[in-house]
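**Student:** Mind having a look at this structure? Questions to follow.
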Amino acid sequence: MSRGDEPAPESTPVDTAAPPAGGAPAAALAAPPCVVRSRGELAEALAASPRPLGLVPTMGWLHAGHRSLIARARAECATVAVSIFVNPRQFGDPADLAKYPRSESRDLAICADEGADLVWAPDVADVYPPGFDTSVRVGALARPLEGAARPGHFEGVTTVVAVLFGLVRPDRAYFGAKDAQQLRVITRMATDLALTSVVPCPTVRELDGLALSSRNVHLSPAERAAAPVLHRALLAGRARHAAGERDAEAIRAAVREVLATEPLARVEYVSLADDATLAELQRVEGPALLSLAVRFGATRLIDNLSLA
Ligand code: PAF
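Going by this note's numbering, the residue at position 229 of the sequence shown is 225; the numbering climbs one at a time, nothing skipped.
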């Protein structure tokens, strides 16, 4: 996992993200998690679950990034719960929602393999029952970058995560650093509303540096071959910073220069922002977040590295 701030080669665990092969020893030994759907079933399962309880919220199509979140929760909590819910409220584009990859049997095999105790896989009406009319919106942190590119996205994310937290009442909730702004927005909400403790977990990468994402499945072979340019570009920016460059635009330009070598990459933004506030920087004098969004055909990928 590229821990967000380490080069991929020495930090990448290789994980195919595939479910365990049938009959493999690990699969044969893994106890299946308890799967619940309705709010009532969830409440019953939670009442019988020892604390502390760790929640890994997901939209399914689990990969090695999710595995690492579940494994971290397993190491720290008496009960590990995974939610699998493709949240319609965070998709601006209905086509994007419709093509979001889903396979519950595959996801359940991965949850079993990682030792999750409980999987909550609700229907839309279990999460948003008739009459549901509340939205949770975080302020300034949710506005730039993904917030600007995807209007309404973070409101959808924070609303569903607030519902998940309200129903599961986790002691800890685990989120990946690949979605850097989401992590900050959810941490803000959880702190402001005193909901739970958010545990940030490092990005997991393929050996060639591509950050794991459920969306990678949509890349054509040529796009998949091109996509590691994101990590190379971020590393180039980080190298400029490590060499002493403090002018933020010069670092962004170094990132764009590498991205420009890949004809399939259509750059949406390259950002170098204050790590805590996400305000764009002119000079880098403290912890900063270098992030980008790039399209390959119809697939939009995001990635980031921290500059310490
Ligand atoms: O990161 C995700 O998969 C989703 O945004 C989340 C946090 C599960 C909310 O739907």
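Glycine included, each C-beta is placed from N, C-alpha and C at the ideal position. As the structure is a computational prediction, the values presented were derived from the model and not from experiment.
State buried or exposed for Q278, treating a residue as buried only when at least 16 other CB atoms are found within 10 Å of its CB.
**Tutor:** Along the sequence shown, one-based indexing puts residue 278 at 282. Counting Cβ neighbours within 10 Å, Q278 comes out exposed, since fewer than 16 surround it.
**Student:** Tell me which residues share the same chain as G111 and place their Cβ nearer than 6 Å to its Cβ, disregarding the 5 neighbours each side in the sequence.
**Tutor:** Taking the first residue of the sequence shown as position 1, residue 111 is located at position 115. The answer, listed in chain order, is R70.
**Student:** Does A22 pass the burial test, meaning 16 or more other C-beta atoms within 10 Å, or should it be called exposed?
**Tutor:** Here residue 22 is taken as the residue at index 26 of the sequence shown, counted from 1. Any reading at A22 must be qualified, since the residue scores a pLDDT of 43, below 50, and its modelled position is unreliable; the value itself is stated next. It is exposed - the Cβ of A22 has fewer than 16 other Cβ atoms within 10 Å.
**Student:** Which residue from V195, P84, R262 puts its Cα closest to that of I298?
**Tutor:** Position 302 of the sequence shown, counted from the start, is the residue given in the question as residue 298. Closest option to I298, Cα to Cα, is R262.
**Student:** Can you tell me the Cβ-Cβ gap for V280 and H237, rounded? I've got them flagged as a contact below 8 Å.
**Tutor:** The residue given as residue 280 occupies position 284 in the sequence shown. The residue given as residue 237 occupies position 241 in the sequence shown. Right, the Cβ-Cβ distance comes to about 6 Å (below 8 Å), so this counts as a contact.
**Student:** I need the DSSP call for D270, collapsed to helix, strand or coil.
**Tutor:** For the purposes of this step, residue 270 is taken as residue 274 along the sequence shown, with counting starting at 1. Here D270 sits in strand by DSSP.
**Student:** Return yes when at least one heavy atom of the ligand PAF lies under 6 Å from the C-beta of T54, else no.
**Tutor:** Looking up residue 54 in the sequence shown gives position 58. Indeed, a heavy atom of the ligand PAF lies less than 6 Å from the Cβ.
**Student:** Inspect the beta-carbon positions of L137 and R85 and report whether they are closer than 7 Å.
**Tutor:** By one-based count along the sequence shown, residue 137 stands at place 141. By one-based count along the sequence shown, residue 85 stands at place 89. Contact: no.
**Student:** Quick check on the DSSP output: the beta strand (DSSP E) that includes G172 runs from which residue to which?
**Tutor:** Translated into the one-based positions of the sequence shown, residue 172 becomes position 176. Residues 168 to 172.
**Student:** Can you name, in chain order, every residue of its own chain whose Cβ lies under 7 Å from the Cβ of D271, other than the five neighbours on each side?
**Tutor:** Translated into the one-based positions of the sequence shown, residue 271 becomes position 275. Counting only Cβ-Cβ distances below 7 Å, and skipping sequence neighbours, we find P283, A284, L285, S302.
**Student:** Using 6 Å as the cut-off, classify the Cβ of V153 as near or not near the heavy atoms of the ligand PAF, replying yes or no.
**Tutor:** By one-based count along the sequence shown, residue 153 stands at place 157. Correct: V153 has its Cβ closer than 6 Å to the ligand PAF.
**Student:** Do E258 and A269 count as a contact pair if the criterion is CB distance below 7 Å?
**Tutor:** For the purposes of this step, residue 269 is taken as residue 273 along the sequence shown, with counting starting at 1. For the purposes of this step, residue 258 is taken as residue 262 along the sequence shown, with counting starting at 1. No, the pair does not count as a contact, with Cβ atoms beyond the cut-off.
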